[in-house]
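For reference, the structure discussed in these notes is given below.
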Amino acid sequence: MSRGIQKLRSRATGEWAGVPEEPLAEEPGFDDPDAVFPDCKPTTRPPWKKLLWVKQDYPDNYVDSSFLSQLRRNDNVAQYSFRSLFLDSSVIIMHLCTIVVFVVVFLGIFNHEWDPEFFTIIASVLTVPGYFVYEKYKIHNDDKSRPSTIKGALLIVFVLLALSPVLKSLTRSTSSDSIWAIACWLGLANVCFHDYTDGARTASGTPSLKLTRPILSTNLAMLAAIVLASQLRTTMAVFCFVLFSVILFGVFPMFTQWCRATSRRGYWVLLFILLFLSATGLYAIGGLWALGAWIGVKLFVSVGAPLWLLALQKYKNDIQGPWDIAKPVIRNRP
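Using this note's numbering, you'd call the opening residue of the sequence shown number 68 and step up by one each time.
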């Protein structure tokens, strides 16, 4: 009995009688999380891939740090210069000059009793040498196109001559205020829908001699001409004014487009002639205030608008990346 008590006392004090004490194994503490939670050891996950069909160990709304690594800003944005914008604005100035000449001729015939035959003869005489110059310097000379062109021109002349009495009485029941409003809106639509490009271009980017016809703007201009011609007093005035409008809005834009693509010097000479004619006509019709307003419009189009565009260019923020829709590259086979 006494021996058993002695053993219990020895065990309580950490010693066995006659047997050395074995060191107890150290219990794991919170300083060693791997021992406490052996199943929660951190593992190295594979890197995130931008593949939708691959199951990955990432949440659906996960955004990797490399997601915006291929972000590009303003990669394909053209950097404009004032000189290039000033030169390109000449196309708009030329078309506006054409419209001003059209308005001046109508007001001169309607209010100041100018001779309409004079303007039609001048336009027709200038069209004939212009057509032969175009035929001489164009690349593909087709002798069969000349008879068809002459036949088409004569057909237009005779059709207009036959329809002039009808056109004169077209808007007889319409008030003059409505006619002026319709003509103004048609003129604005013509300015908005006119083709101000250089025309077609080849694969190398050089201008092509294939002319483009702005059908919508031409139809709008001819409709405005017919509406205004119905206000003239005589049938001959209606015929001459409509034929003058056909030359001005149907033939002349094609010639200016061809001239710009082939001869820059000829294009600028033609532009300065139009500037002089439009300014002189406005001064003769409306005086100094009309001339000053026209000069202000030209300065805004050629100087103010380019400077405004250059000032707004710094706010351009075109973002592109691999998430955009792929654009196919089409190569012409030889």
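We put the beta carbon where it would ideally sit given N, CA and C, even for glycine. Bear in mind the structure is a predicted one, so any value in this text is a computation, not a measurement.
Considering only the alpha carbon of each residue, which of the options lies closest to residue i?
i: K365; options: L310, V258, S156, D142; result: S156
i: V368; options: D124, S136, H162, S132; result: H162
i: I165; options: L222, V370, K381, S345; result: Note on identity: in this sequence residue 165 is Thr, with Ile being the wrong assignment. Out of L222, V370, K381, S345, S345 has the C-alpha closest to the C-alpha of T165.
i: V294; options: T323, V258, I282, I246; result: I246
i: T264; options: P214, Q324, P113; result: Q324
i: N257; options: L234, L283, S240; result: L283
i: L230; options: T301, S243, L287; result: T301
i: I217; options: A360, T194, K235; result: T194
i: L234; options: A292, L135, A360, G354; result: A292
i: I314; options: Y350, F134, L221; result: L221
i: C259; options: S242, V158, Y198; result: V158
Can you name, in chain order, every residue of its own chain whose Cβ lies under 8 angstroms from the Cβ of residue i, other than the five neighbours on each side?
i: E184; result: M303, C307
i: F153; result: S369, V370, P373
i: V144; result: K383, D385
i: W181; result: V172, G175
i: R239; result: S297
Out of curiosity, what's the CA-to-CA distance linking residue i and residue j?
i: K394; j: W375; result: 32 angstroms
i: L119; j: D127; result: 10 angstroms
i: A190; j: W335; result: 19 angstroms
i: V192; j: R140; result: 55 angstroms
i: I386; j: L138; result: 7 angstroms
i: H261; j: P281; result: 6 angstroms
i: R268; j: A328; result: Its pLDDT being 48, under 50, R268 is placed unreliably by the model, and nothing is read from it.
i: L174; j: I188; result: 18 angstroms
i: I249; j: S297; result: 13 angstroms
i: G388; j: I340; result: 49 angstroms
i: K383; j: P232; result: 55 angstroms
i: D142; j: K117; result: 23 angstroms
i: G348; j: L379; result: 36 angstroms
i: S312; j: R398; result: 43 angstroms
i: Y129; j: P320; result: 58 angstroms
i: G333; j: V396; result: 37 angstroms
i: P214; j: L287; result: 28 angstroms
i: Y147; j: V121; result: 45 angstroms
i: P196; j: K381; result: 48 angstroms
i: I223; j: F186; result: 17 angstroms
i: Y204; j: R331; result: 14 angstroms
i: S242; j: C251; result: 15 angstroms
i: F49; j: G354; result: Lying outside 68 to 401, the shown extent of the chain, residue 49 is not represented and no answer is given.
i: G219; j: F225; result: 10 angstroms
i: L134; j: G363; result: Per the sequence shown, residue 134 should be read as Phe rather than Leu. Cα to Cα, F134 sits roughly 51 angstroms from G363.
Tell me which same chain residues have a C-beta within less than 6 angstroms of the C-beta of residue i, skipping the five on either side of it?
i: L227; result: F306, V309, L310
i: F97; result: Because F97 sits at a pLDDT of 47, beneath the cut-off of 50, its placement in the model cannot be relied upon, and the point is left open.
i: W115; result: Y125, D131
i: L237; result: S297
i: W356; result: none
i: W361; result: L349
So, under 8 angstroms CB-CB, residue i and residue j are touching, yes? Tell me the CB distance rounded to an integer number of Å.
i: T285; j: G317; result: 6 angstroms
i: L338; j: I160; result: 7 angstroms
i: I352; j: V171; result: 6 angstroms
i: R112; j: D131; result: Rounded, the Cβ-Cβ distance is 12 angstroms, inconsistent with contact.
i: L342; j: F149; result: So it is not a contact: roughly 20 angstroms between Cβ atoms.
Cutting at 7 angstroms between CB atoms, please list the residues of its own chain near residue i, excluding the five before and the five after it.
i: L290; result: L253
i: I176; result: P183, L299, A304, F308
i: Y201; result: F322, W325
With respect to 8 angstroms, is the separation between the Cβ of residue i and the closest non-hydrogen atom of the ligand GTP below this value?
i: K203; result: In the structure shown, the ligand GTP is absent, as is every other ligand, since no ligand is present at all.
Taking only runs of the alpha helix (DSSP H) that begin and end inside the segment 120-182, which ones reach a length of at least 4 residues, in chain order?
-> If one requires a minimum length of 4 residues, the alpha helix (DSSP H) runs lying completely within the segment 120-182 are 149-178, in chain order.
Only counting runs of 4 or more residues, tell me where the alpha helix (DSSP H) segments fall wholly within the segment 313-398, in order along the chain.
-> Here the runs fully enclosed are 319-329, 331-353, 355-366, 372-379.
Counting only runs that start and end within the segment 202-255, where is the alpha helix (DSSP H) found for 4 or more residues in a row?
-> Counting whole runs of 4 or more residues, the segment 202-255 contains the alpha helix (DSSP H) stretches 212-235.
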